[in-house]
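In this note's numbering, the protein residues as written are 1246 to 1914.
For glycine and all other residues, C-beta sits at the position ideal for the given N, C-alpha and C.
The structure presented is a predicted model; accordingly, all values stated were derived computationally and were not measured.
Beneath this line is the structure, given in structure tokens, with notes to follow.
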Amino acid sequence: MPKQAYSPSETDGRKRLSPAVGRFFSSPLSPFHFLILLLLSLASCAKMGEPDGGWYDETPPRILGASPAERATDVNSKKISIYFDEFIKLDNPTEKVVVSPPQLEAPEIKGQGKKISIELQDGLKPNTTYTIDFSDAISDNNEGNPLGNYTYSFSTGDHIDTMEVAGYVLEAENLEPVKGILVGLYSNQADTAFQKEPMLRVSRTDSRGHFVIRGVAKGDYRIYALQDADGNYTFNQKSEKLAFTPEVIMPSSKPDVRQDTIWRDSLHINDIKQTPYTHFLPDDVVLSAFTEMQTDRFFLKAERREADHFTLFFSYGDADLPQITGLNFNADDAFITEPSLNQDTITYWLRDTALVNQDTLRFQMAYNMTDSLGRLISQTDTLEVLSKTPYAKRLKKQQEDYDKWKKKQDRNKERGRAYETAMPPTPLEIRYNVASQMSPDENPTFELAAPIAITDTAKIHLYEKIDTLWYRSKYQFGAEPGRPRSMKLVSTWNPGREYSLEIDSAAFTDIYGRVSQKYKQGIRIPSTDEYGTLVMTIQGMEGRNCLLQLLNESDNPVKEATAKGNLATFYYIKPGTYYLRLIVDDNDNGRWDTGDYSTQTQPEAVYYYPKSIECKAKRDVQGTWNPRQLPLYRQKPGAITKQKADTQRKARNRNQERARNLGIEYRPN
1246 MPKQAYSPSE
1256 TDGRKRLSPA
1266 VGRFFSSPLS
1276 PFHFLILLLL
1286 SLASCAKMGE
1296 PDGGWYDETP
1306 PRILGASPAE
1316 RATDVNSKKI
1326 SIYFDEFIKL
1336 DNPTEKVVVS
1346 PPQLEAPEIK
1356 GQGKKISIEL
1366 QDGLKPNTTY
1376 TIDFSDAISD
1386 NNEGNPLGNY
1396 TYSFSTGDHI
1406 DTMEVAGYVL
1416 EAENLEPVKG
1426 ILVGLYSNQA
1436 DTAFQKEPML
1446 RVSRTDSRGH
1456 FVIRGVAKGD
1466 YRIYALQDAD
1476 GNYTFNQKSE
1486 KLAFTPEVIM
1496 PSSKPDVRQD
1506 TIWRDSLHIN
1516 DIKQTPYTHF
1526 LPDDVVLSAF
1536 TEMQTDRFFL
1546 KAERREADHF
1556 TLFFSYGDAD
1566 LPQITGLNFN
1576 ADDAFITEPS
1586 LNQDTITYWL
1596 RDTALVNQDT
1606 LRFQMAYNMT
1616 DSLGRLISQT
1626 DTLEVLSKTP
1636 YAKRLKKQQE
1646 DYDKWKKKQD
1656 RNKERGRAYE
1666 TAMPPTPLEI
1676 RYNVASQMSP
1686 DENPTFELAA
1696 PIAITDTAKI
1706 HLYEKIDTLW
1716 YRSKYQFGAE
1726 PGRPRSMKLV
1736 STWNPGREYS
1746 LEIDSAAFTD
1756 IYGRVSQKYK
1766 QGIRIPSTDE
1776 YGTLVMTIQG
1786 MEGRNCLLQL
1796 LNESDNPVKE
1806 ATAKGNLATF
1816 YYIKPGTYYL
1826 RLIVDDNDNG
1836 RWDTGDYSTQ
1846 TQPEAVYYYP
1856 KSIECKAKRD
1866 VQGTWNPRQL
1876 PLYRQKPGAI
1886 TKQKADTQRK
1896 ARNRNQERAR
1906 NLGIEYRPN
């Protein structure tokens, strides 16, 4: 017997049928069927306390009319009403609804029962097409079915501009879709227009980073994206995310035909229809969004989380470090200074324990800051930094620790056990990043809690096991550039071998006299048979510095390689699923760099290999990749894309599940 079918469009006006009725609804009723149906209906009525589990409404609200009428011309009213066939919800209109031309004073937009009312606050411009893009803000009140991408338009002149410009906005660094960013057009093609004039026509991206700017007149335009922090539709803050392209946009249209696929269910196609439509161009603009580096220098804050050091934070680094003059202490030779790599964060370690025990440090700080004209000028501030934990509280904690230790030793002495006569000193804390199993291209690192006064490398031993005997192995030991108090041990690690890293006590002594404790860790280096190798041939990037990153399933780099010629090779890859990102490293500094609008510098280009890469042990994976073959918005694999597209309507999902439970065919609208 063939399956019965449920189609949402067949149940208009009967949106909550009982399960039994649903089976018989689309079949002719014989007297026998009528009797069964009557009995089932009576049984259903007898169970008034149970939900009938009927079909959910999938139909979005339908527009009945508007005032002024949709696409009306010669409009002079700033009040608009749009009417629907059912009660509606209007979700977050302040963020989701976009009016073009952009309104400097926010319009009043309200959902009221079966009506949406809009009142524009700005004056109407003559001979101008206005569009109100609701995106997915409108849905029905019961099931939340979205109307989806609805745009209302009218004109204050005698015609409607109908051109459209569409495309995508992606994060420049990782090709993530940027949701909710403004995209706008300028007829003024000067670079300064973006910083001085509001956008001419705007739209906002959806969850896929997709945008459509409607109501565009024929002409030549520049296009920009802006995460507008102050609502003035201009780029005037370095903290605002932006995107731009030097290309000129020339909207056009042509008649076209698209294929509309009618699905019988999630796996089977019922029909493919040819539908004529007007194809607006361009429809594939890609904008790479970035945030400029903050180059204006100003002081942010001072922090003293621990008593033995304080940290100064600046918005940007400077070649000259701040000059500290103590007001309640002598600052001469009082610090060990640790600047960050770009010198925007400077930590001052107090050499003298008397200063460590001083709760409040007052000092003058002379430094360079950026003035309103962008010039570095000298500035002097008076600061007061307080220890997060007062000395009295620290002293009390020390006494409590001593009392606890003394009580334990007294108890051991009374019971005839071994006991200590002096409380051991506080050891120097070291975080050893030494794995019990390492790849041959990895190296252990040590992170120390305070600046080091003495490092005794004679107390650091590395042994390699050859056959059954242990032999000393050579290594190099030193600080990691740009990482204060981080040390690295580098050696030639032979695959298939075992090593032992042994560190004697007092190998490290910090500036307060604290010494490190003994440490030992066995290290196994797996054989090459436990790893795979990836060799990727890069096409179409000749003469470019290409940095390739092998990514895990969280989109984080696990290995890096530079393309030599047109080949990039990754060694010692653990079996698993990986992805690949390519950075065009224009300045050859080994990292991705952002853009700068004032110099019209685009961020460094980023591409994603569009497929996952399966690496297995003892296997060499080889591939060929032309990063420019696919448009950027189709490159990043969905498995590692964090900004997911909005999911299917809840009502449809529930009806599909219900149809499966009833064993009937589901036909969506």
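Who pairs with residue i in a beta bridge, going by DSSP?
i            : result
residue 1710 : 1715, 1743
residue 1826 : 1794, 1853
residue 1376 : 1345, 1398
residue 1312 : 1326
residue 1760 : 1754
residue 1549 : DSSP, once it has assigned bridges, lists no residue as partnering residue 1549.
residue 1677 : 1691
Would residue i and residue j qualify as a contact pair, given that the criterion is a beta-carbon distance under 8 Å?
i            : j            : result
residue 1329 : residue 1355 : no
residue 1348 : residue 1365 : yes
residue 1878 : residue 1469 : no
residue 1824 : residue 1776 : no
residue 1719 : residue 1749 : no
residue 1396 : residue 1373 : no
residue 1486 : residue 1536 : yes
residue 1890 : residue 1857 : no
residue 1440 : residue 1479 : yes
residue 1531 : residue 1876 : yes
residue 1548 : residue 1540 : no
residue 1631 : residue 1604 : yes
residue 1316 : residue 1399 : yes
residue 1829 : residue 1419 : no
residue 1784 : residue 1871 : yes
residue 1792 : residue 1835 : yes
residue 1382 : residue 1319 : no
residue 1679 : residue 1670 : no
residue 1730 : residue 1672 : no
residue 1344 : residue 1338 : no
Compare the C-alpha of residue i against each of the options and name the closest.
i            : options                : result
residue 1403 : 1394, 1371, 1412       : 1371
residue 1391 : 1745, 1632, 1380       : 1380
residue 1434 : 1407, 1467, 1351, 1449 : 1467
residue 1617 : 1542, 1582, 1665       : 1542
residue 1460 : 1492, 1425, 1407       : 1407
residue 1860 : 1498, 1790, 1687, 1774 : 1774
residue 1376 : 1837, 1715, 1449, 1842 : 1449
residue 1498 : 1784, 1411, 1764, 1480 : 1411
residue 1779 : 1438, 1357, 1795       : 1795
residue 1766 : 1595, 1743, 1747       : 1747
residue 1614 : 1605, 1589, 1629       : 1589
residue 1570 : 1591, 1581, 1610       : 1610
residue 1494 : 1587, 1409, 1854, 1416 : 1409
residue 1801 : 1786, 1822, 1788       : 1822
residue 1331 : 1337, 1660, 1361       : 1361
residue 1577 : 1586, 1597, 1669       : 1597
residue 1581 : 1659, 1309, 1593       : 1593
residue 1572 : 1626, 1311, 1854       : 1626
residue 1848 : 1722, 1867, 1838       : 1838
residue 1917 : 1545, 1517, 1437       : Residue 1917 is absent from the model: the chain starts at 1246 and stops at 1914.
residue 1633 : 1643, 1659, 1606, 1650 : 1606
residue 1711 : 1722, 1738, 1686       : 1738
residue 1350 : 1417, 1476, 1457       : 1476
With 16 other CB atoms within 10 Å as the buried threshold, where does residue i fall?
i            : result
residue 1553 : buried
residue 1732 : buried
residue 1423 : buried
residue 1735 : exposed
residue 1324 : exposed
residue 1641 : exposed
residue 1515 : exposed
residue 1378 : buried
residue 1826 : buried
residue 1842 : buried
residue 1446 : buried
residue 1707 : buried
Using 8 Å as the limit for Cβ to Cβ distance, is residue i near chain C?
i            : result
residue 1374 : No chain C is part of this structure, which consists of one protein chain only.
task: Could you say if the region 1553-1566 and the region 1525-1533 meet the contact criterion of at least three C-beta pairs nearer than 8 Å?
output: no
field: Validate contact between the region 1741-1756 and the region 1684-1696 using beta carbons, cut 8 Å, 3 pairs
entry: yes
message: For the region 1623-1640 against the region 1653-1660, do three or more pairs of beta-carbon atoms, one drawn from each stretch, fall closer than 8 Å, so that the two count as touching?
response: no
- prompt: Taking three-plus beta-carbon pairs below 8 Å as touching, is the region 1762-1772 in contact with the region 1796-1815?
  reply: no
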